Each structure stands twice: as C-alpha cells, then as structure tokens.
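Residues in the sequence shown are numbered consecutively from -19, following the working numbering. For glycine and all other residues, C-beta sits at the position ideal for the given N, C-alpha and C. Just so you know, these numbers come straight off a predicted model, no measurement behind them. Only one structure is covered here, and it is reproduced in the block below.
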Amino acid sequence: MDKIRVLPLLIFTCCFMLFVRIETIWAESKEIAKEAAATKEEPKKEETKAAETVKTEEAPAATGEAAAEKPAEGGAEPSKNTADPLLFNDSELDILQSLSARRAQLDERERQIEQKEGLLQITEQRIEEKLTELKTLKAELEATKSEVEKMTSSLQGKEKEELLSLVKTYETMKPKDAAARFDNLDLALQVRIARNLKEAKLAPIMAAMDPMKAAKLTTELATSKNIPDLNPEPAGTPPPPKSK
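So, in structure tokens, the structure goes:
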C-alpha cells in the first residue's frame, strides 16, 4: 500500500513542478515584452508575438500532462521549494535568447535613430543661423545701397548747380571776355557749358574764340553723345510756333 501511494504523489509533484516552470517562463516573457514596449510600435508587436509563442508552446503540454498524470488518490501537498525556476529546456532557452537578441537590436536601432535626429537638429540649427546671417547681410547691403544712391544723387545735384552757376556766369559776360576764358578750358568742360548755354549767347562767344578751338568745339558738339543737359525740355512740350 505504501508503494502504491508514493507513485501518485510523485506524479502530482512532477505536474506541479512543470506548472511552476511554465508560470515562471510566462512571467519573464511578459516582463521582457513590457520593457520592449517603450520602443517603436512594430518591435512591440514582434516581442508580444514572441511572448505569446511561449504560452502557446507550453500551455498545451502542461494541460496534457496534468490530465494524463492526475493522481487517483489525494496526498500531501508537495513543497513549493522543490520547483527550480532556473531549469529550462532547449526550446525555452532559444525563445528567451531570441527575445534578448531582438531587444538588443531594437535598442541599437533606437540609439542610431536618436543620433541621427541629434545630427539633423544640429544641421537645422546651423542652417537657421546661416539664413539669419544672410538676411542681416542683405539688410546691410540694402541700407548701404540706399546711402550710396542718396550720396550720388546729392553729388549730381551739387554738380548740376555748380555747372548752372558757371553757365549763368558766361551768359552775363561779354562775348570777347567769355571767349578768352573759353579757349583755356578743357574740351570736355567746354562741351558741357556750351550745351547748356542759350544759342543766342553761345554764338558770339564761339565767334570770338580761337578758330582752331572753335572748330574742335563745334565738331565735339556735333558728334558727342550722352552728354547731360541741365535744361532739358519737359516731355510733351509743344514745339514753338513757326513764324509766318
């Protein structure tokens, strides 16, 4: 009778140890799945699928063994200390190693993504700084251009005023005196003054000038182009009426 009772007790103990091992594996798989859930959505699905594989492979085996080896008679409850959670078969170790390797790959991929994101942020920041510098330089160039245009306009205005003053001076002088001074001027200046003198004032001055210099001035007036006129006729001015 003692021998008959010991056998069911051993069977029940083995079933209980198997159940404890299954529960341990399942708990560890769930813990790994929770830690991997902090990564991308796709790796999370893969780890959950691997964790479910542990349950799928071990649960049917535990159910079958428990049903086949259920003791016919009651006995003393086996001690929980007899179960060793460190004992795993090859299939269980392969699953855990696969999960661990997959987790390491995901961690490495996440680290690389973070590095690339950091480099992109630094690059974007540098581009923004360069754009800001370019905008500042553009504003400075526009300001400098505006100042140069104002200075040029001011100088041209003063130059025209001085030339007009000189023209008025020659117009008030006697033709002989004006011609004597006209002969000593540079040809370019002669042309500028002559083009702004009234025809009635220019004719007697040129008549009193040295014939050679008067000829050169006449040629230059006839051939020179793009010489500014300080007294241009406004656009749309009707021509003077013809004398009858």
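Asked, Found
"Alpha helix (DSSP H) segment containing residue 167, residue limits", "167 to 176"
"Residue 80 in three-state terms, based on DSSP", "helix"
"At least 3 beta-carbon pairs within less than 8 Å: the region 160 to 173 vs the region 126 to 138", "no"
"Cα-Cα separation between residue 100 and residue 80, rounded to whole angstroms", "30 Å"
"Residue interval of the alpha helix (DSSP H) (run including residue 243)", "The question about residue 243 has no answer, for the chain in this structure spans -19 to 224."
"Sub-8 Å separation of residue 175 and residue 201 beta-carbons", "yes"
"Segment limits, alpha helix (DSSP H) that includes residue 189", "Per DSSP, residue 189 belongs to no alpha helix (DSSP H) and is neither H nor E."
"Three-way DSSP call (helix, strand, coil) for residue 204 in this model", "coil"
"Integer-rounded CB distance, given that residue 178 should sit under 8 Å from residue 142", "Wrong, their Cβ atoms sit about 19 Å apart, outside the cutoff."
"Whole-angstrom distance between residue 92 and residue 108, CA atom to CA atom", "24 Å"
"Cβ-based neighbour list, residue 188, same chain, cut-off 7 Å, excluding 5 preceding and 5 following", "155, 156 and 159"
"Anticipated Cβ contact below 8 Å, residue 146 with residue 170, distance rounded", "The Cβ separation is near 11 Å, so there is no contact."
"DSSP state of residue 2 mapped onto helix, strand, coil", "helix"
"Best match in 114, 184, 193 and 181 for proximity to residue 165 [C-alpha to C-alpha]", "193"
"Burial state of residue 135 (16 or more Cβ within 10 Å)", "exposed"
"Contact test: residue 162 Cβ vs the ligand PLP heavy atom, cutoff 7 Å", "The ligand PLP is not part of the structure shown, which contains no ligands of any sort."
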